[in-house]
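Asks: All letters in the sequence shown, in the order written, are residues 251 to 441 by the working numbering. Using N, Cα and C, we set each Cβ at its ideal position, and we do this for glycine too.
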Amino acid sequence: MPEMLSVSPFSARIVERLSVGATSRRERVIHSLDGLEEPVHPNALATTGARLWRLLQEQVPDGLGSMDFLLGLDAGGILPTVSLAGAAKLPYKIAWKLHLPLDGAVRFSEPHAMRTDVFAYGIVPGQRIVLVDDEITTGRTLADLTRRLREAGAVPLASACLVEDTTRGARDLLTGLGLPLVSLTTIEGVA
Numbered sequence: 251m252p253e254m255l256s257v258s259p260f261s262a263r264i265v266e267r268l269s270v271g272a273t274s275r276r277e278r279v280i281h282s283l284d285g286l287e288e289p290v291h292p293n294a295l296a297t298t299g300a301r302l303w304r305l306l307q308e309q310v311p312d313g314l315g316s317m318d319f320l321l322g323l324d325a326g327g328i329l330p331t332v333s334l335a336g337a338a339k340l341p342y343k344i345a346w347k348l349h350l351p352l353d354g355a356v357r358f359s360e361p362h363a364m365r366t367d368v369f370a371y372g373i374v375p376g377q378r379i380v381l382v383d384d385e386i387t388t389g390r391t392l393a394d395l396t397r398r399l400r401e402a403g404a405v406p407l408a409s410a411c412l413v414e415d416t417t418r419g420a421r422d423l424l425t426g427l428g429l430p431l432v433s434l435t436t437i438e439g440v441a
């Protein structure tokens, strides 16, 4: 008989970052999928992706029917993107902080990072995309990505994240751009 594993519920919290430069954020959201405090079992990744996919379907029912792919953000967005792609049976791409000679480049900014330039490749007009990251605080990165994708003729349908910091205005910013934000969990950050 196969072994049954209990998967702990998803959790997140804010911790102070040590040894950061003057322009970097002083805090960091850590969560139960990042592997910082505890090892992560693959079942937890699959379960989290399935929960996020259900929320997307419930909260954006009319906009997901003809989605082309998920677009995750370099580093933190990789795990939620892969877990969501597995649950939804959808292809994914990752936007990287690498400037490469590839077609369909869309350059956008992650203003709070040390290296602010991020690139999505293979973007063509008409593509319907859901944006994915692990955490959303101010929403400025996803807002800039949304604007740049639209300039390239792509159609951002929604954004999904594991953790939303509700104190920084991300939801209002993205809603103002017509981009629904779906969060697995919310947390109140350091204001």
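What separation, rounded to the nearest whole angstrom, lies between the Cα atoms of LEU427 and ILE328?
Replies: If you take the alpha carbons of LEU427 and ILE328, they lie about 24 Å apart.
Asks: Pull the bridge partners of PHE260 from the DSSP assignment, please.
Replies: Answer is none; PHE260 lacks a bridge partner.
Asks: If you compare alpha carbons, which of THR396, SER258 and LEU305 is closest to LEU295?
Replies: With distances taken between Cα atoms, LEU295 lies closest to SER258.
Asks: Taking the alpha carbon of ARG357 as the point to measure from, which residue in VAL279, LEU268, HIS281 and ARG398 has its own alpha carbon closest?
Replies: Nearest option by C-alpha distance: ARG398.
Asks: Give me the DSSP bridge partner(s) of GLY322.
Replies: For GLY322, which the question treats as bridged, DSSP gives the partners ILE344 and VAL382.
Asks: Since ASP367 sits in a beta bridge, which residues does DSSP pair it with?
Replies: Looking at the DSSP assignment, ASP367 forms a beta bridge with SER359.
Asks: My output table needs one value for THR436: the three-state DSSP class, helix, strand or coil.
Replies: In this structure, THR436 counts as strand in the three-state DSSP scheme.
Asks: Using the Cα positions of ASP383 and PRO330, report the straight-line distance between them to the nearest angstrom.
Replies: The alpha-carbon atoms of ASP383 and PRO330 are separated by roughly 7 Å.
Asks: Evaluate LEU283 with the Cβ neighbour count: other Cβ atoms within 10 Å of its Cβ, from every protein chain shown; 16 or more gives buried, anything less gives exposed.
Replies: Counting Cβ neighbours within 10 Å, LEU283 comes out buried, since at least 16 surround it.
Asks: Near ALA402, what residues of its chain come up, given a Cβ to Cβ distance below 8 Å and the 5 sequence neighbours on each side ignored?
Replies: These residues qualify, in order along the chain: GLY354, VAL356, ILE373, VAL374 and PRO375.
Asks: Which residue spans inside the region 273-334 form an unbroken alpha helix (DSSP H) run of at least 4?
Replies: Complete alpha helix (DSSP H) runs here, min 4: 292-309.
Asks: When the Cα of GLU360 is compared with those of ILE386, ALA404, ASN293 and ASP318, which residue comes out closest?
Replies: The shortest Cα separation from GLU360 among ILE386, ALA404, ASN293 and ASP318 belongs to ILE386.
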